[in-house]
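**Student:**
2 protein chains.
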Amino acid sequence: MRDQAPPQGAQAALRAIRLLKLFTAEAPELQLAELSYLSGLNKTTTHRLLKALLSEELLDRNPGTSAYRLGPGMMALGVQALSSNDLRLRARPLLKRLADETGETATLEVPIDDTMLILDEVTGRHFVGASGNVGTRWPIHATSTGKALIAFEQRGPERLNATLLSLTPRTITEIEVLEKQLGDIRRRGFAETVDELEDGFSGVGAVVRGGMGEVLGALSICGPTQRMSENRRAQLGAALCNAATRLQPRY
Amino acid sequence: MRDQAPPQGAQAALRAIRLLKLFTAEAPELQLAELSYLSGLNKTTTHRLLKALLSEELLDRNPGTSAYRLGPGMMALGVQALSSNDLRLRARPLLKRLADETGETATLEVPIDDTMLILDEVTGRHFVGASGNVGTRWPIHATSTGKALIAFEQRGPERLNATLLSLTPRTITEIEVLEKQLGDIRRRGFAETVDELEDGFSGVGAVVRGGMGEVLGALSICGPTQRMSENRRAQLGAALCNAATRLQPRY
DNA sequence: AATCTTCGGTTCATTATATGGAACAGTAAT
DNA sequence: ATTACTGTTCCATATAATGAACCGAAGATT
């Protein structure tokens, strides 16, 4: 995770943040030794940073196991971040409508590092399976929203990691293959994934933009591959683009 | 905001966190000079810390105004914190039920510093006014949930700041007055506020506990004072206590 | 019951790291 | 052209962060 340039002069702050980011859905509770190992920091350093994070309530401890976990301060900041970003509020009714009209699941996602974070989700009436994915993150290159983002964002493919993780036999693992799709995506206005994220699972995605035309995130509609014929995907893509442009504030 | 003991050895990390906490509902976007002034830090130091926070995407910048604001990384961590704390998920159906049965608004709140943070909210059918308060914070001493917390938590009144802010003519501003109520609250199992937070607004609150009996937060039911007779409050309080005990995991 | 491990946590001399004054650089308004 | 704001970078200084070694307690293993 050695990101781009090493910003200097705030090492301790960066390390503290990296520690926070070690808490994932798979490992919501960690203990000192694990944190130290995962971060590569000395135990003492880790402990000192943890103490600071505890004092600010960004972390707290499970009173039973004494393991560290994200705390109430983190929730407060997160809720603050979510509500000050009005995208989510404005997108809600559109997601609802998309889900109602198509029967599939609609999501709002934003990019974080090289993943797409599911910010909000409305499940359709065909209720295939997984719902309640808010908060989970998927690799950019394997999602329809991520591909749309790569196609329309300034940074483009450079956002991607060198190695593209393979999640299914159909996941795109060569950056050149992805680049060939970008033209199509730009022309049509939306991206598709078929069995690339998970077998039997397909979706379409389109970017949403802010008032200055900057890319903020993306919307998607997704469901089981058997319901996602090429025609249907085109149709869903059109509905998605429509919703996405409605979401853009105009001046 | 010079909290308790000054934890040593992680100054930079603490300062970075303090900077993050300056972003509130009232001031969701701030610029360098404001952050520097509010935090009391040198402009250079502020800038360096901000750069680090930007690089980790805990902050980003409004492309129009170039002001700083909480970023996608913060949302990711927040969502993570919210979902790893399963209290919110477990409380949801109970809130729904309370709101349905009473017609009033039910909330789940957790303590942060000397405030109560509204984590979740279900508005009842009498839809008085303010809904969508998730993420806002109220002073502990002026809320029913906060008073319940003080009564049942180990720390007790020491959690409170020296000066109790007055929000209405009926807000409790003397710590001794509050302490006199604690016995009643403990005996009945729930706390009440009548016009103490806002004129014409009343509520009852009860703590929720974790598997080890530790206090995690509180539930409330609240609405306009005219619907909140003493009898009704007692009745709502009973329903609340019932819900709160259901929420406690048993082993 | 004695020994070994493995936890979280602490101490302290060393030096790498963060600090902040000053100076710079873009914009916008005057 | 001047002033008054922004956000930036530089760099000598000393302060604040570092990590090897150390503690003490709680389980395992013998």
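The listed protein sequences derive, respectively, from chains C and F.
First residue of the first sequence? That's 1 in the working numbering, and the numbers climb one at a time after it.
First residue of the second sequence? That's 1001 in the working numbering, and the numbers climb one at a time after it.
We treat Cβ as the ideally placed atom computed from N, Cα and C, and that holds for glycine.
#1: Residue 1249 of chain F CB to nearest chain C CB: under 7 Å?
#2: Given that residue 10 of chain C touches chain F, what residues does it touch there, using C-beta distances under 8 Å?
#3: Starting from the C-beta of residue 1225 of chain F, find all residues in its chain whose C-beta is less than 7 Å away, skip the five residues before and the five after it, and write them out in chain order.
#4: Between the stretch 60-78 of chain C and chain F, which residues of the former have a C-beta closer than 8 Å to a C-beta of the latter?
#5: In three-state terms, what does DSSP make of residue 228 of chain C?
#6: Go through its chain and collect everything with a Cβ distance to residue 258 of chain C's Cβ below 6 Å, but skip five positions before and after it.
#7: From residue 1172 of chain F to residue 160 of chain C, what does the alpha carbon distance come to, in whole angstroms?
#8: Which residues in the same chain have their Cβ closer than 7 Å to the Cβ of residue 1243 of chain F, if we skip the five residues on either side of it in sequence?
#9: What does the alpha-carbon distance come out to for the pair residue 1015 of chain F and residue 55 of chain C?
#10: Using a Cβ-Cβ distance under 7 Å, would residue 1081 of chain F count as near chain C?
#11: Could you have a look at residue 1138 of chain F and say whether DSSP puts it in helix, strand or coil?
#12: Could you tell me which uninterrupted alpha helix (DSSP H) segments, each at least 4 residues in length, are contained entirely in the stretch 1165-1249 of chain F, listed from first to last along the chain?
#13: Should residue 1091 of chain F be labelled buried (16 or more other beta-carbon atoms within 10 Å of its own) or exposed?
#14: Go ahead and pull the three-state DSSP assignment for residue 1024 of chain F.
#15: Using alpha carbons as the reference points, say which of C:233, C:57, C:179 lies closest to residue 1018 of chain F.
#16: Identify every run of the beta strand (DSSP E) within the stretch 1072-1153 of chain F, keeping only runs that are complete inside it and at least 3 residues long; order them along the chain.
#17: Report all residues from its chain with a CB closer than 8 Å to the CB of residue 1066 of chain F; omit the five preceding and five following residues, and keep chain order.
#18: Pull up the DSSP beta-bridge partners for residue 1155 of chain F, would you.
#19: Less than 7 Å separating the beta-carbons of residue 20 of chain C and residue 1247 of chain F?
#20: Alpha carbon to alpha carbon, how far is residue 198 of chain C from residue 1198 of chain F? Give it in angstroms, no decimals.
#21: Taking the alpha carbon of residue 1149 of chain F as the point to measure from, which residue in F:1048, F:1083, F:1208, F:1075 has its own alpha carbon closest?
#22: Indicate the three-state DSSP secondary structure (helix, strand or coil) for residue 34 of chain C in the structure shown.
#23: In the structure shown, what three-state DSSP assignment does residue 70 of chain C receive?
#24: Sorted by chain position, which residues of the same chain lie with C-beta nearer than 8 Å to residue 1046 of chain F's C-beta, five sequence neighbours on each side aside?
#25: Hey, does residue 135 of chain C have any beta-carbon neighbour from chain F nearer than 7 Å?
#26: Label residue 107 of chain C either buried or exposed according to how many other C-beta atoms from any shown protein chain fall within 10 Å of its C-beta, with 16 as the threshold for buried.
#27: In the stretch 83-101 of chain C, which residues sit with their C-beta less than 9 Å from some C-beta in chain F, listed in chain order?
#28: Apart from the five residues on each side of it in sequence, which residues of its chain come closer than 7 Å, Cβ to Cβ, to residue 1236 of chain F?
#29: Of all the CB atoms in chain C, is at least one closer than 7 Å to the CB of residue 1212 of chain F?
#30: Is the shortest distance between the beta-carbon of residue 130 of chain C and the beta-carbons of chain F less than 7 Å?
#31: Buried or exposed: which applies to residue 1156 of chain F, given that a residue is buried once 16 or more other Cβ atoms fall within 10 Å of its Cβ?
#32: Determine the burial state of residue 1080 of chain F: buried for a count of at least 16 other Cβ atoms within 10 Å of its Cβ, exposed for fewer.
#33: Are there 16 or more other CB atoms within 10 angstroms of the CB of residue 125 of chain C, so buried, or fewer, so exposed?
#34: Determine the DSSP secondary structure at residue 1050 of chain F, reduced to helix, strand or coil.
#35: Any C-beta of chain F sitting closer than 7 Å to the C-beta of residue 110 of chain C?
**Tutor:** Taking the structure as given:
#1: On the second sequence, position 249 is the one that residue 1249 of chain F refers to. Chain C, which has no Cβ nearer than 7 Å to the Cβ of residue 1249 of chain F, makes this no.
#2: On the first sequence, residue 10 of chain C is found 10 positions in, with the first residue counted as 1. Near residue 10 of chain C (Cβ distances below 8 Å), the residues of chain F are 1012, 1016, 1048, 1049, 1051, 1052.
#3: The sequence position of residue 1225 of chain F within the second sequence is 225, counting from 1. Taken in chain order, the residues that qualify are 1194, 1195, 1200, 1201, 1202.
#4: 63, 64, 69, 70, 71, 72, 73, 74, 75, 76, 77, 78
#5: Here the question's residue 228 of chain C lines up with position 228 in the first sequence. Of the three classes helix, strand and coil, the one that applies to residue 228 of chain C here is coil, per DSSP.
#6: Chain C is shown from 1 up to 251; residue 258 of chain C falls before or after that span and cannot be answered.
#7: Working through the second sequence from its first residue, we reach residue 1172 of chain F at position 172. Working through the first sequence from its first residue, we reach residue 160 of chain C at position 160. C-alpha separation (whole angstroms): 56 Å.
#8: Counting from one through the second sequence, the residue named residue 1243 of chain F turns up at place 243. Hits under 7 Å: 1094, 1098, 1219.
#9: Start at 1 with the first residue of the second sequence, and residue 1015 of chain F comes out as number 15. Start at 1 with the first residue of the first sequence, and residue 55 of chain C comes out as number 55. Distance between the alpha carbons of residue 1015 of chain F and residue 55 of chain C is about 12 Å.
#10: Taking the first residue of the second sequence as position 1, residue 1081 of chain F is located at position 81. Yes, residue 1081 of chain F counts as interfacial toward chain C.
#11: The sequence position of residue 1138 of chain F within the second sequence is 138, counting from 1. Looking at residue 1138 of chain F - three-state DSSP - the assignment turns out to be strand.
#12: 1175-1188, 1230-1247
#13: Position 91 of the second sequence, counted from the start, is the residue given in the question as residue 1091 of chain F. The residue is buried, with at least 16 neighbouring Cβ atoms inside 10 Å.
#14: In the second sequence, residue 1024 of chain F corresponds to position 24, counting from 1. DSSP places residue 1024 of chain F in coil when its eight states are reduced to three.
#15: Locating residue 1018 of chain F in the second sequence gives position 18, where the first residue counts as 1. The residue with the shortest Cα to Cα distance from residue 1018 of chain F is C:57.
#16: 1105-1112, 1115-1122, 1137-1139
#17: As a working note, residue 1066 of chain F is residue 66 in the second sequence. These residues qualify, in order along the chain: 1031.
#18: Residue mapping note: residue 1155 of chain F aligns to position 155 of the second sequence, counting from 1. None, per the DSSP bridge assignment.
#19: Residue mapping note: residue 20 of chain C aligns to position 20 of the first sequence, counting from 1. Residue mapping note: residue 1247 of chain F aligns to position 247 of the second sequence, counting from 1. Cβ distance not < 7 Å, so residue 20 of chain C and residue 1247 of chain F don't count as in contact.
#20: Here residue 1198 of chain F is taken as the residue at index 198 of the second sequence, counted from 1. Here residue 198 of chain C is taken as the residue at index 198 of the first sequence, counted from 1. If I take the Cα positions, the gap works out to 51 Å.
#21: Position 149 of the second sequence, counting from 1, holds the residue named residue 1149 of chain F. The shortest C-alpha separation from residue 1149 of chain F is found at F:1208.
#22: Along the first sequence, read from residue 1 onward, the residue named residue 34 of chain C stands at position 34. Correct three-state label for residue 34 of chain C: helix.
#23: The residue labelled residue 70 of chain C in the question sits at position 70 within the first sequence. Reduced to three states, the DSSP call for residue 70 of chain C is strand.
#24: Numbered from its first residue, the second sequence carries residue 1046 of chain F at position 46. So the list reads 1019, 1032, 1035, 1036, 1039, once near-sequence residues are dropped.
#25: Mapped onto the first sequence, residue 135 of chain C falls at position 135. Yes, its Cβ sits closer than 7 Å to a Cβ of chain F.
#26: In the first sequence, counting from the first residue as 1, residue 107 of chain C sits at position 107. Answer is buried; the Cβ neighbour count reaches 16.
#27: 83, 84, 85, 88, 89
#28: Residue 1236 of chain F sits at position 236 when you count from the first residue of the second sequence. If we look at residue 1236 of chain F and ignore the five residues flanking it on each side, its Cβ neighbours are 1102, 1204, 1221.
#29: Here the question's residue 1212 of chain F lines up with position 212 in the second sequence. True, the Cβ-Cβ gap to chain C drops below 7 Å.
#30: Taking the first residue of the first sequence as 1, we reach residue 130 of chain C at position 130. In this predicted model, residue 130 of chain C has a pLDDT of only 47, less than 50, meaning its place in the structure is not dependable; the value taken from the coordinates is given anyway. No, no contact with chain F.
#31: Here residue 1156 of chain F refers to the residue found at position 156 of the second sequence. Its Cβ having fewer than 16 others within 10 Å, residue 1156 of chain F is exposed.
#32: Counting from 1 along the second sequence, the entry for residue 1080 of chain F is found at position 80. That one is buried.
#33: As a first step, residue 125 of chain C is located in the first sequence; it is residue number 125 there, counting from the start. Under this definition residue 125 of chain C is an exposed residue.
#34: To locate residue 1050 of chain F, count along the second sequence from 1; it is residue 50. In the structure shown, residue 1050 of chain F sits in a helix (DSSP, three-state: H, G or I).
#35: Stepping through the first sequence from its first residue, residue 110 of chain C is reached at position 110. With 7 Å as the cut-off, residue 110 of chain C counts as an interface residue toward chain F.
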